[in-house]
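Everything below concerns the one structure shown next.
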Amino acid sequence: MALALSPPRVPKPKSALPSHYYESFLEKKGPRDRDYKKFWAGLQGLTLYFYNNNRDTKHVEKLDLGGFVKLTDEAPWGNSHDPGTHFCLVLRNQEIKFKVESLESREMWKGFILTVVELRVPSNLTLLPGHLYMMSEALAKEEARRALEMPSCFLKVSRLEAQLLLERYPECGNLLLRPSGDGAGRVSVTTLQTLNGTPVVRHYKVKREGAKYVIDVEEPFCCTSLEAVVNYFVSHTNKALVPFLLDEDYEKVIGFVEADKENGESVWVAPSAPSAPSTPGPGPATPKGGPKQLPPTSITPAPSQDKLPPLPDQENNYVIPIGDTPAASYVNEDVPSPSRPVVPKPRRLAKLQAKLPKPPIVPKSEPKGLNSGPARKLAASSAQAFSPTTGLADVTAELEEKLQRRRALEQAAEHVADQQVRLQAPHTSQADPSSQN
Numbered sequence: 001m002a003l004a005l006s007p008p009r010v011p012k013p014k015s016a017l018p019s020h021y022y023e024s025f026l027e028k029k030g031p032r033d034r035d036y037k038k039f040w041a042g043l044q045g046l047t048l049y050f051y052n053n054n055r056d057t058k059h060v061e062k063l064d065l066g067g068f069v070k071l072t073d074e075a076p077w078g079n080s081h082d083p084g085t086h087f088c089l090v091l092r093n094q095e096i097k098f099k100v101e102s103l104e105s106r107e108m109w110k111g112f113i114l115t116v117v118e119l120r121v122p123s124n125l126t127l128l129p130g131h132l133y134m135m136s137e138a139l140a141k142e143e144a145r146r147a148l149e150m151p152s153c154f155l156k157v158s159r160l161e162a163q164l165l166l167e168r169y170p171e172c173g174n175l176l177l178r179p180s181g182d183g184a185g186r187v188s189v190t191t192l193q194t195l196n197g198t199p200v201v202r203h204y205k206v207k208r209e210g211a212k213y214v215i216d217v218e219e220p221f222c223c224t225s226l227e228a229v230v231n232y233f234v235s236h237t238n239k240a241l242v243p244f245l246l247d248e249d250y251e252k253v254i255g256f257v258e259a260d261k262e263n264g265e266s267v268w269v270a271p272s273a274p275s276a277p278s279t280p281g282p283g284p285a286t287p288k289g290g291p292k293q294l295p296p297t298s299i300t301p302a303p304s305q306d307k308l309p310p311l312p313d314q315e316n317n318y319v320i321p322i323g324d325t326p327a328a329s330y331v332n333e334d335v336p337s338p339s340r341p342v343v344p345k346p347r348r349l350a351k352l353q354a355k356l357p358k359p360p361i362v363p364k365s366e367p368k369g370l371n372s373g374p375a376r377k378l379a380a381s382s383a384q385a386f387s388p389t390t391g392l393a394d395v396t397a398e399l400e401e402k403l404q405r406r407r408a409l410e411q412a413a414e415h416v417a418d419q420q421v422r423l424q425a426p427h428t429s430q431a432d433p434s435s436q437n
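Numbering follows the UniProt record's numbering, with no gaps: position 312 of the sequence shown is 312.
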């Protein structure tokens, strides 16, 4: 009995592990925690991410270093001797205690945290040259990341342009960040508020001191990023200042300028968009209410250039090229169509066709005949003039040969008829002698 083969197992795609400046095991104890809890921690930018293990791709906790104040070495509670495995991270609103496995691990964590916060490699830590090199690489990555990070309200405009933007678009915000006029990588803050119906514009300078931004006011305030500068202005004005965000409007209807035929003035025309057809395709749009149905009539539509009606029998109809002079003149009974050449029908030959037998058809060198050969090509090209070619010259020679044969037969038939009339005339006179008396 044949066993059914089970389908092969497809391995699940593995998620890429997050990229960190530095990562290792770290025990963390927050203000509300009773004891330390062990995590796999990683530093990326100004954020510490905590994972359950080193194989997880999704963090369970994170800590923002934007409110960094200082780092301290802290001995365990009740013990004056510091084993070199504890340190404390002091933020603006909380203190977090950490515990590591060795003194080297503690110096590494302190060095990487100070590097990304102060944007410089610390020199007062016990570190090896390889560790310092790793921190310099993290510093370059962090500087490149911050160079790409700009608040949404930062615009590269001048002092006057910033004021005009705030006055023209008050609904988009009243706080704008712009480059400073003195250069040197500095920025300025421009605000616009209304006091008793009068607009009040204020400009503030923000200095760059190392990795920090200092707001130059009576009591200078240091910020770690430009986003922190914007948040400081918003929070210290009871949210009266709103970051400027210019909305980009896009048109929904295509319009154009058209000149009025009556008065010659230009007007803006924005026609309503037609409803999309069910089956898109080339050609004009279908009118409203569906296509118009034609009433049943007996009128046959004129043949188009793409599909012509079949030509009559080639024995009774001949195509005469324009470049050649015909041997005889014929009148076509039908109205010539501009979409195909004239096909003459000889009247005289049609009368004698019932009496005289058809001449034998000479085999032609051209394939199949006129219907599938040069005649059809000539009928398809309506707007082009005929030019005699090798194929048409052969056809003309054959036509002339046929015409000569038919003339010979006509002359022979006329000669026989005349002889019969002459022979019948004496017999008629002898049979009726009274007519002679």
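Beta carbons are placed, not taken as given, at the ideal position from N, Cα and C, and that holds for glycine.
Which residue comes first and which comes last in the beta strand (DSSP E) that contains residue i?
i, result
"F221", "F221 to C223"
"V69", "F68 to T72"
"Q44", "K37 to Q44"
"F87", "H86 to L91"
"D154", "The residue you asked about is not Asp; residue 154 is Phe in the sequence shown. Where F154 is concerned, there is no enclosing beta strand (DSSP E), given that its DSSP letter is neither H nor E."
"A259", "F256 to A259"
"Y250", "No beta strand (DSSP E) holds Y250; DSSP gives it neither H nor E."
First and last residue of the alpha helix (DSSP H) that includes residue i?
i, result
"A240", "Premise fails: A240 is in no alpha helix (DSSP H) and is neither H nor E."
"residue 441", "Shown here, the chain extends from 1 to 437; a query on residue 441 therefore has no answer."
"V229", "L226 to S235"
"E161", "R159 to R168"
When the Cα atoms are used, what is the spatial distance from residue i to residue j?
i, j, result
"T72", "A144", "28 Å"
"Y133", "A140", "11 Å"
"A162", "V187", "13 Å"
"P18", "V100", "21 Å"
"T194", "K156", "24 Å"
"E398", "L409", "17 Å"
"Y21", "T115", "10 Å"
"V421", "E414", "10 Å"
"L166", "E149", "23 Å"
"G84", "V90", "18 Å"
"E104", "G111", "10 Å"
"S278", "V230", "Legend: pLDDT at S278 = 47, less than 50; position of this residue unreliable, value from coordinates given subsequently. Distance between the alpha carbons of S278 and V230: 51 Å."
"G66", "H86", "22 Å"
"Y49", "A270", "54 Å"
"N332", "A412", "With a pLDDT of only 47 at N332, under 50, the local geometry of the prediction cannot be trusted, and the value read off the model is given with reservation. Straight-line Cα distance between these residues: approximately 27 Å."
"D247", "L175", "15 Å"
"R34", "K97", "11 Å"
"A417", "L423", "10 Å"
"E218", "K62", "35 Å"
"E142", "H236", "28 Å"
"F68", "E251", "46 Å"
"Q44", "G255", "50 Å"
Nearest to residue i by CA position, among the options, is which residue?
i, options, result
"K205", "N263, E410, S102 and R159", "R159"
"A53", "T85, R120, I254 and G42", "The amino acid occupying residue 53 in the given sequence is Asn; Ala does not appear at that position. Measuring from the Cα of N53, the nearest candidate turns out to be G42."
"S152", "I96, L399, K28 and E227", "E227"
"Y169", "L245, L423, I215 and T224", "L245"
"C172", "Y49, F221, Y250 and P243", "P243"
"V60", "Q420, Y51 and R120", "Y51"
"L46", "E262, K29, D64 and D418", "D64"
"E107", "K97, P122 and Y49", "P122"
"D260", "I254, V253 and W268", "W268"
"K29", "T57, K70 and C88", "C88"
"residue 446", "R202, R208, L423 and E265", "Any property of residue 446 remains undetermined from this structure, which presents the chain solely from 1 to 437."
"E95", "S136, V234 and P31", "P31"
"W109", "W40, V200, P179 and R407", "W40"
"V189", "R178, G210, K70 and T198", "R178"
"T126", "Y250, E137, S102 and E258", "S102"
"L119", "N196, S180 and S225", "S225"
"V201", "C222, L241, D216 and T57", "L241"
Look up residue i in the DSSP assignment and give the residues it is bridged to.
i, result
"V189", "L177 and Y204"
"T198", "L195"
"D64", "T47"
"S123", "DSSP lists no partner for S123."
"K97", "K29 and C88"
"G213", "Correcting the residue type first, residue 213 is Tyr in the shown sequence and not Gly. DSSP, once it has assigned bridges, lists R208 and C223 as partnering Y213."
"E23", "G42"
"V269", "F256"
Classify residue i as buried or exposed, calling it buried when 16 or more other Cβ atoms lie within 10 Å of its own Cβ.
i, result
"P367", "A caution first: P367 carries a pLDDT of 46, below 50, which makes its placement in the model too unreliable to give a value."
"Q305", "For Q305, the pLDDT reaches just 46, beneath the cut-off of 50, and the residue's location in the model is therefore unreliable, although a value from the coordinates is still provided. Exposed is the call here."
"R55", "exposed"
"Q404", "exposed"
"V117", "buried"
"Y213", "buried"
"R92", "exposed"
"F154", "buried"
"Q419", "exposed"
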